[in-house]
């Protein structure tokens, strides 16, 4: 008879927050990688810090973010309100601690209650946070999530805001290297989604005047557009649409609260449905959905209160409602597209059916 494995109290372990993150980093940042793919862990670390800066901008505090990467030291400085000085250490090192539990303070936040910054702390062999408020500064340093230095509150003439510096731990991220093209694309997306925001990356300035319209122009050449970009905006929603002459696949850039939802979610599903429904009704033709969407190049951004994502990396929206007292995501997006795209098509009266429907023959009945 096989000897039974012993299962006793000695088999039970309790991990503190940093041990759990370091043992199971994939639960917090997805895959690790080495920086050769845009969704590798080192970029998620940067994104988690950036998300907090963006939340400050969205709340009307701080219009500039400075990002520098020198060797492997990443520094992100915003000019928002700054972390309350008495909570600087807690906010980056204690689970279930953060301002985003108060929906009044962060109504349409992308960060998930500060979990992300704690993950950055735990997964870095050097992590420093500085906060400036009311001409006072508080700073602390960590290594692998362990507090190494806690500075006293000091008087300062620095501008208010928060500065985070970190070096990702090479014991976890093996042989990693930052690729500028991935970082620049990420930072540009932040600008497209947050007009009025200026981001400096290693001294280079990034800013967007026309939001998602700028994003599409970055991703499709003007000569490849079947028609000029249709750019529609409303409260908590923005879309940009065109069709490509050269590609047959559908191309979508989707966002929630400024977060690039690369795997889509409820908002993108509603958008794809609404485009088909509106065009079919406007032209009063029984088009196939695939023919309408074929070769489409578009971007959609929505803002959702207390968003629910399907993972900590926030690449897919799971929320079914826009907010606790709002309509469903499906209804919200459908109503916006139905009203605004239909109005646009009625106004211009210059968009032939075969522009919006890939295989429609103009002479067909």
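In this note's numbering, the protein residues as written are 35 to 399. Ideal Cβ positions, reconstructed from N, Cα and C, are used throughout, including at glycine. Model, not experiment: these values are computed from the prediction.
Taking C-beta atoms under 8 Å as the contact rule, residue 236 and residue 203 fail to qualify, at a distance of about 23 Å.
Residues of the same chain with a CB within less than 8 Å of the CB of residue 253, apart from the 5 flanking positions on each side, are 285, 287 and 331 in chain order. Between residue 374 and residue 268 the beta-carbon gap is near 7 Å, inside 8 Å, which marks them as a contact.
Look at residue 325 here: in three-state DSSP terms it is helix. The beta carbon of residue 90 lies closer than 7 Å to those of 96, 112, 114 and 115 in the same chain, with the five residues before and after it left out. In this structure the stretch 343-355 lies against the stretch 294-301, because at least three pairs of beta carbons, one per stretch, are closer than 8 Å. Excluding its 5 nearest sequence neighbours in each direction, residue 279 has C-beta neighbours in its own chain below 7 Å: 258 and 260, listed in chain order. In the structure shown, residue 155 adopts helical secondary structure according to DSSP, grouped into three states. Residue 71 counts as exposed, since fewer than 16 other C-beta atoms from the protein chains shown sit within 10 angstroms of its C-beta.
At least 9 Å separates the beta-carbon of residue 274 from that of residue 231. In this structure, the straight-line span from the alpha carbon of residue 329 to that of residue 220 is close to 24 Å. Spatial neighbours of residue 101 in its own chain (CB-CB distance under 6 Å, excluding positions within 5 residues in sequence) are listed in chain order as 110 and 235.
Within the same chain, and ignoring the five residues on either side of residue 250 in sequence, the residues whose Cβ sits closer than 7 Å to its Cβ are 263, 274, 276, 331 and 333.
Taken atom to atom, the span from the alpha-carbon of residue 215 to that of residue 99 is near 18 Å.
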